[in-house]
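Novice:
There are 2 protein chains.
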Amino acid sequence: MNILEKIANELDTFSKSERKVAEVILSSPGTVIHASIAALAKQANISEPTVNRFCRRLDTKGYPDFKLHLAQSLANGTPYVNRHVDENDTAEEYTDKIFESTMASLELARKNLDANVINRAVDVLTQANKISFFGLGASAVVAHDALNKFFRFNVPVVYFDDILMQRMSAINSRQGDVVVVISHTGRTKSLVEVATLAKENDAIVIGITTDSTPLAKECNIVLSVDVAEDTDLYMPMSSRIAQLALIDVLATGFTLRRGTKFRDNLKKVKDSLRSSRFERKD
Amino acid sequence: MNILEKIANELDTFSKSERKVAEVILSSPGTVIHASIAALAKQANISEPTVNRFCRRLDTKGYPDFKLHLAQSLANGTPYVNRHVDENDTAEEYTDKIFESTMASLELARKNLDANVINRAVDVLTQANKISFFGLGASAVVAHDALNKFFRFNVPVVYFDDILMQRMSAINSRQGDVVVVISHTGRTKSLVEVATLAKENDAIVIGITTDSTPLAKECNIVLSVDVAEDTDLYMPMSSRIAQLALIDVLATGFTLRRGTKFRDNLKKVKDSLRSSRFERKD
DNA sequence: CGAGAATAATGAAAATTTATTTCATAATTA
DNA sequence: TAATTATGAAATAAATTTTCATTATTCTCG
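Heads up: the protein sequence lines correspond to chains A and B, in order. First residue of the first sequence: 21, per our numbering; consecutive thereafter. First residue of the second sequence: 21, per our numbering; consecutive thereafter.
#1: May I ask you to report which of helix, strand or coil DSSP gives Asp-197(B)?
#2: Spatial neighbours of Leu-46(A) within its chain, please: C-beta separation below 8 angstroms, excluding the five flanking residues on both sides.
#3: Could you check the C-alpha separation between Phe-173(A) and Thr-275(A) for me, to the nearest Å?
#4: Verify the CB distance criterion: does Leu-31(B) have a CB-CB separation below 8 angstroms to chain A?
#5: Assign Ser-292(B) to one of two classes, buried (16 or more other C-beta atoms within 10 Å of its C-beta) or exposed (fewer than that).
#6: Over the uninterrupted beta strand (DSSP E) stretch that includes Gly-155(A), give me the two end residues.
#7: Under the rule that 16 or more other beta-carbon atoms within 10 Å means buried, what is Pro-234(B), buried or exposed?
#8: List, in order along the chain, the chain B residues whose C-beta lies closer than 8 angstroms to that of Glu-127(A)?
#9: Compare the C-beta of Glu-25(A) with all C-beta atoms of chain B and state if any pair is closer than 8 angstroms.
#10: Quick check on Ser-152(A) - is its C-beta less than 8 angstroms from some C-beta in chain B?
#11: Where does Arg-297(B) sit, in a helix, a strand or coil, going by DSSP?
#12: Do you know how far the Cα of Ala-95(B) is from the Cα of Ala-59(A)?
#13: On the CB-based measure, 16 or more other CB atoms within 10 Å of its CB, does Arg-194(B) come out buried or exposed?
#14: Whole angstroms is fine: what's the gap from Asp-252(B)'s alpha carbon to Phe-153(A)'s?
#15: According to DSSP, what are the bridge partners of Gly-227(A)?
#16: Measure the C-alpha to C-alpha separation of Arg-76(B) and Pro-84(B) and round it to an integer number of angstroms.
#17: Grab me the residues of Ser-125(B)'s own chain with a C-beta within less than 6 angstroms of its C-beta, minus the 5 sequence neighbours each way, in chain order.
#18: Would you verify that the beta carbon of Leu-133(A) is, or is not, closer than 8 angstroms to some beta carbon of chain B?
#19: Quickly, what does DSSP pair Phe-180(B) with across the bridge? List them, please.
#20: Does DSSP put Thr-110(B) in a helix, in a strand, or in coil?
#21: In whole angstroms, what separates the C-alpha of Glu-30(B) from that of Thr-208(B)?
#22: Tell me whether Gly-82(A) is buried or exposed, calling it buried when 16 or more other Cβ atoms sit within 10 Å of its Cβ.
#23: Assign Thr-98(B) to buried or exposed, taking buried as 16 or more other Cβ atoms, counted over all protein chains shown, within 10 Å of its Cβ.
#24: Please tell me whether Ala-91(A) has its Cβ less than 8 angstroms away from any Cβ of chain B.
#25: Please name the residue in Asn-168(A), Asp-134(A), Phe-119(A) whose C-alpha comes closest to that of Pro-176(A).
#26: Can you pull out the residues from the segment 196 to 220 of chain B whose beta carbon lies closer than 9 angstroms to at least one beta carbon of chain A?
#27: Please state if the CB of Arg-130(B) and the CB of Ile-241(B) are separated by a distance shorter than 8 angstroms.
#28: Against chain A, which members of the segment 262 to 278 of chain B pass a CB distance test of less than 8 angstroms?
#29: Quick one: is Val-105(B) near chain A, going by C-beta distance under 8 angstroms?
#30: So, is the C-beta of Asn-297(A) closer than 8 angstroms to a C-beta in chain B?
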């Protein structure tokens, strides 16, 4: 809880001298965070030890620690929350809301991700003979992005956003292949079938989806991206961004696992693009 | 400015020892606010005066004052900084860093976005006869995503990630058409040419790119997405996520501008997907 | 109700911890 | 090689905390 609120709440439980300190603090907390214990004691007309005891009473380690808490209370702006866009929002307002919701979702997704599972997924990916990324609709975008990333690693990698191609590809998969199936809902029938087919053909199936969904049940490894999707406007928004961040994580894990030499290779890929660009003047 | 961001920003201007402190602070700011100057110095393997000088360099009065700022930064909603992934990071560490960097980039992108420009872009989009999204590589993913979004609006919309198709499409554009060109660098020659072609053929060109680049100069409207891209691993990461968030903003602006009736239409599109999904049990 | 014992609150001064300054030395740059 | 800058050991200064004696408050019991 905010320490200022706490002080206000417990005002009655304080002793006479303590209340004096409390009042000084409440009346100008901004000044107090820059004051020494001596200065505060003087302003409240009480002794330094009393201030110290006051701080301890509020479950802080002492005066400096108390000031830290106070500083945090003062700074406590609104953290990112999923704020819904409103009919009459101005451009500025809905822009802010969307960015904040997105950040809130990322925060949430991160919390729900299990580092061990990521580790296993990276393990599997680094050892794959071939990697396939499948998604439909908004998740196709994520698969597309994954292709872009993993393509640079000089590993056989494919991406399909066409149900038939996905099925054929899944049926042709074999031991050593890894199939990454992406779906926010985890309920898209054809994708669940593709996952099943791939697994039946000995591929390792990694699902980027919501936990305990039909798709999740078909996967060998489930990277669960749980975000509260704002479906107000009937469009997937945050979920795909969290999925993309996860792709970044996997790609990063991949490069780290592959070691330094491998990263030189990435630089080569990057340099190869140079001639297609206008030179930077600086 | 947030003192954590400040540290991250000025990392290059620090001396060797100062950088050591900076790294310790960035890696666990939460611990530092409870540490004495001696403890921090020891952890960073440098002397106490160096820590003190480090604090002063960041425009604080000294170590205690620095801790106050740090505490405020931590409480300040954005503990997110662009932290670089390190060779020996565990899965947990690099996952956290990537999510945090992404959030930091979103924060930055939001700050740099101009609501007026967004408003104009939405204006133009709502009045378009046809909308085209062009991008290459990582930006193709963003264009792809834009297609997914705008397609739902029942507006003629196309997306190409093929240079030739982009050129042909640009040449065939006419008054009333809107072409959205996406490129983080803003220096990809063929895309700049496409923008020029589209403009010459009376289309309105919206650029989602970095300010004052060759591409930006060719556009009628520039939505500048300035994010500090971490090119350590030679892969575009944050930039495309910020671009996607911007697409969300544009799509949202679009739906808001079109009014209530229009949103019923969106619901229809969404409902049409239902039969392709497994039912939810709850 | 009130004397006095018990308890709690308080502050002066000492002790301790923490931060800063000074200054000599080491590292870096010109 | 000189000049500059960065760094840390030690000394100093500042601040916080502890100790302990004193004062205020509360409680008990005649």
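By construction, the Cβ of each residue, glycine as well, lies at the ideal position given by its N, Cα and C atoms. Note that the structure is predicted; figures quoted are calculated from it, not measured.
Specialist: Walking through what the data contain:
#1: Of the three classes helix, strand and coil, the one that applies to Asp-197(B) here is strand, per DSSP.
#2: Leu-24, Ile-27, Ala-28
#3: 8 angstroms
#4: no
#5: exposed
#6: Its beta strand (DSSP E) spans residues 150 to 155.
#7: So Pro-234(B) counts as buried.
#8: Phe-119, Met-123
#9: no
#10: no
#11: strand
#12: 25 angstroms
#13: exposed
#14: In this predicted model, Asp-252(B) has a pLDDT of only 48, less than 50, meaning its place in the structure is not dependable; the value taken from the coordinates is given anyway. If you take the alpha carbons of Asp-252(B) and Phe-153(A), they lie about 25 angstroms apart.
#15: Partner(s): Val-201(A), Val-242(A).
#16: Each residue's Cα considered, the two are about 11 angstroms apart.
#17: Val-247, Ser-258, Ala-262
#18: When Cβ-Cβ separations below 8 angstroms define contact, Leu-133(A) makes contact with chain B.
#19: Phe-154(B)
#20: coil
#21: 30 angstroms
#22: exposed
#23: Low local confidence applies: a pLDDT of 45 at Thr-98(B) is under 50, so the model's placement there is unreliable, and no value is given.
#24: yes
#25: Asn-168(A)
#26: Thr-205, Gly-206, Arg-207, Thr-208, Lys-209, Ser-210, Val-212
#27: No, the pair does not count as a contact, with Cβ atoms beyond the cut-off.
#28: Residues passing the 8 angstroms Cβ filter: Leu-264, Ala-265, Asp-268, Val-269, Ala-271, Thr-272, Gly-273, Thr-275, Leu-276.
#29: The Cβ of Val-105(B) sits closer than 8 angstroms to at least one Cβ of chain A.
#30: This sequence places Arg at residue 297(A); Asn is not what is there. Output row for Arg-297(A): interface = yes.
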